[in-house]
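Colleague: Handing you a structure now.
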Amino acid sequence: MKAGLIFGTRPEAIKMAPLYHKLKEKGIDAKVIATAQHREMLDQVLALFGIKPNYDLDIMKERQSLSGLTARLCESIDTVLKDGQFDWLLTQGDTTSTFIGSLISFYHKIPVGHVEAGLRSFEKYDPFPEEMNRCLTSRLATLHFAPTEKAKENLLKEQIDARQIIVTGNTVIDALLWVIENKKEVLDSTIKRFDLEDKKYILMTMHRRENHGQRMKDTIMAIKRLLKTHKDYHLVFPVHYNPAVRDVVYPELERHERVLLTDPADYLDFVALMRNAEFIISDSGGVQEEAPALGKPVLVLRKTTERPEAMTSGVAKLIGTTEDDVFSYVNELIVNPKVYQQMSKASNPFGDGTASEAIADALNQY
1 MKAGLIFGTR
11 PEAIKMAPLY
21 HKLKEKGIDA
31 KVIATAQHRE
41 MLDQVLALFG
51 IKPNYDLDIM
61 KERQSLSGLT
71 ARLCESIDTV
81 LKDGQFDWLL
91 TQGDTTSTFI
101 GSLISFYHKI
111 PVGHVEAGLR
121 SFEKYDPFPE
131 EMNRCLTSRL
141 ATLHFAPTEK
151 AKENLLKEQI
161 DARQIIVTGN
171 TVIDALLWVI
181 ENKKEVLDST
191 IKRFDLEDKK
201 YILMTMHRRE
211 NHGQRMKDTI
221 MAIKRLLKTH
231 KDYHLVFPVH
241 YNPAVRDVVY
251 PELERHERVL
261 LTDPADYLDF
271 VALMRNAEFI
281 ISDSGGVQEE
291 APALGKPVLV
301 LRKTTERPEA
311 MTSGVAKLIG
321 TTEDDVFSYV
331 NELIVNPKVY
341 QQMSKASNPF
351 GDGTASEAIA
361 DALNQY
């Protein structure tokens, strides 16, 4: 059996890396198709997990539009699938690569396995364009690898055949546990390198398109108020390369003595920063999945989430992006030990690190 794994962003690569190795272990001829719209961040993860793409489409262009990205993906992926003789194409999550990879596979009548299937915010434009990417992918997939029972319920409500849905857990936990077990010395050295050993810090990320502009500005204003109020706290903020993010963040925060702005951290560095942070403020989906495994509360800078399990378990809270709301929720987590303890001790709803094995077994048994 020959299976193509298509991905182009760092989060996709992190979640597909353990699956790639498990497929190889189970005798499946796995081939990586790297679309590479996040070139530098993608290459970091590939190097960490010892993966060399079989097809490197390298479609990254500065300030490219979604329409331009989509057009280039269609043409590039079509060329690969036309000649690749694949039995399966595996896509992950909700990126444009995910949807277009699934669509072009459909054109070539190659069955699609959708990893991390069934996530829904039920808001067409939030997150944008991810919500529609995953909904459309579900209409094209043959097998749906749902990370949780809730994700399976979402698919059943959309009339997906129950026999085609397998609840596996999330492969991001597979990757995270592997790193913690095998890279402990590197994780420890990261904290020393950033001079954070004796510092109490908040880890922050913010990059989603729907948060560009005023929402990001309001959030930054709240952070500045919090740092002024809590002088024993530091902020660590790996800043996305997108100019729409950097043009807001750097003018407001780069001169603050208790703010560390870095380029996007590689995966090992980011795991170390998560593991040692007091808590995390983020609009990332992946962080909502990883934090429960580390016992770290997450305040989510969004109005909706496709990962309600994190809210239900208690490890995460939706706080939006208005200045007063961000200040209020973060301040409460700092000053109220009971709230912090409840969140930090919440259970992990996203699996136990065996998702990749479950997916590989399902493909072999199908």
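Start counting the sequence shown at 1; every next residue gets the next number (the numbering used here). Built from N, CA and C at the ideal position, the CB exists for glycine as well.
Go to threonine 91, then tell me how far its beta strand (DSSP E) extends in each direction, as first and last residue.
Modeller: Per DSSP, threonine 91 belongs to the beta strand (DSSP E) from 88 to 92.
Colleague: What residue does the alpha helix (DSSP H) around glycine 285 start on, and which one ends it?
Modeller: Where glycine 285 is concerned, the enclosing alpha helix (DSSP H) stretches over 285 to 294.
Colleague: Along the chain, which unbroken stretches of the beta strand (DSSP E) at least 3 residues long are found entirely within the stretch 202 to 254?
Modeller: You should have 233 to 238.
Colleague: Using the rule of at least 16 other Cβ atoms within 10 Å of the residue's Cβ for burial, across every protein chain shown, is glutamate 130 buried or exposed?
Modeller: By the 10 Å Cβ count, glutamate 130 comes out buried.
Colleague: Counting only runs that start and end within the stretch 58 to 91, where is the alpha helix (DSSP H) found for 4 or more residues in a row?
Modeller: Runs found: 66 to 84.
Colleague: Taking 8 Å as the threshold, find out whether the stretch 103 to 117 comes into contact with the stretch 74 to 83 through three or more Cβ pairs.
Modeller: Yes: at least three Cβ pairs fall under 8 Å.
Colleague: Are there 16 or more other CB atoms within 10 angstroms of the CB of aspartate 352, so buried, or fewer, so exposed?
Modeller: When all chains shown are included, aspartate 352 counts as exposed.
Colleague: According to the Cβ coordinates, are leucine 19 and valine 115 closer than 8 Å?
Modeller: Result yes, Cβ atoms of leucine 19 and valine 115 sit closer than 8 Å.
Colleague: Exposed or buried, tyrosine 267, counting other C-beta atoms within 10 Å across all chains shown (16 or more means buried)?
Modeller: So tyrosine 267 ends up on the buried side.
Colleague: Measuring alpha carbon to alpha carbon, tell me which residue in Arg63, Ser121, Phe145, Lys338 is nearest alanine 355.
Modeller: It is Phe145 whose Cα lies nearest to the Cα of alanine 355.
Colleague: Taking the continuous alpha helix (DSSP H) assigned at isoleucine 180, which residues delimit it?
Modeller: Start and end: 171 to 182.
Colleague: Could you tell me if valine 335 is buried or exposed, where buried requires 16 or more neighbouring beta carbons within 10 angstroms of its beta carbon?
Modeller: When all chains shown are included, valine 335 counts as exposed.
Colleague: Quick one: what's got a C-beta closer than 6 Å to methionine 16's C-beta in the same chain, skipping five residues either side?
Modeller: For methionine 16, where only same-chain residues beyond five positions count, the Cβ hits under 6 Å are Leu5, Phe7, Gln92.
Colleague: Hey, would you say alanine 222 sits closer than 8 Å to phenylalanine 350, going by beta carbons?
Modeller: No; because the gap between Cβ atoms is not below 8 Å, this pair is not in contact.
Colleague: State whether the stretch 163 to 170 contacts the stretch 134 to 154, with contact taken as three or more CB pairs (one from each stretch) at a distance under 8 Å.
Modeller: Enough Cβ pairs lie closer than 8 Å, so yes.
Colleague: On the CB-based measure, 16 or more other CB atoms within 10 Å of its CB, does phenylalanine 118 come out buried or exposed?
Modeller: It should be noted that the sequence gives glycine, not phenylalanine, for residue 118. With 16 or more other Cβ atoms within 10 Å, it is buried.
Colleague: Quick one: what's got a C-beta closer than 8 Å to aspartate 126's C-beta in the same chain, skipping five residues either side?
Modeller: Answer for aspartate 126: Glu210, Arg302, Lys303, Thr304, listed in chain order.
Colleague: Could you have a look at leucine 350 and say whether DSSP puts it in helix, strand or coil?
Modeller: The question names leucine, yet the displayed sequence has phenylalanine at residue 350. Phenylalanine 350: coil per DSSP, three-state reduction.
Colleague: In angstroms, rounded to a whole number, what distance separates the CA positions of methionine 311 and lysine 82?
Modeller: Whole-angstrom Cα-Cα distance: 43 Å.
Colleague: Just verifying my parser: in three-state terms, what is the DSSP assignment at valine 376?
Modeller: Nothing about residue 376 can be reported from this structure: the residues present for the chain run from 1 to 366 only.
Colleague: Decide if alanine 162 is buried, meaning its Cβ has at least 16 other Cβ atoms within 10 Å, or exposed.
Modeller: It counts as exposed.
Colleague: Report the option in Asp232, Ile173, Thr171, Val271 whose CA atom is closest to the CA atom of lysine 184.
Modeller: Comparing Cα positions, the closest option is Val271.
Colleague: Are alanine 265 and valine 315 close, meaning C-beta to C-beta below 8 Å?
Modeller: Cβ atoms of alanine 265 and valine 315: not closer than 8 Å.
Colleague: With the cut-off set at 8 Å, would you say alanine 175 and isoleucine 280 are in Cβ contact?
Modeller: No, they are not a contact pair.
Colleague: From Arg258, Met1, Ile202, Leu90, pick the residue whose C-alpha is nearest to that of glutamate 278; which is it?
Modeller: Of Arg258, Met1, Ile202, Leu90, the residue nearest in Cα terms is Ile202.
Colleague: Which residue from Asn331, Ser65, Lys338, His108 puts its Cα closest to that of histidine 230?
Modeller: Ranking Asn331, Ser65, Lys338, His108 by Cα distance to histidine 230 puts Asn331 first.
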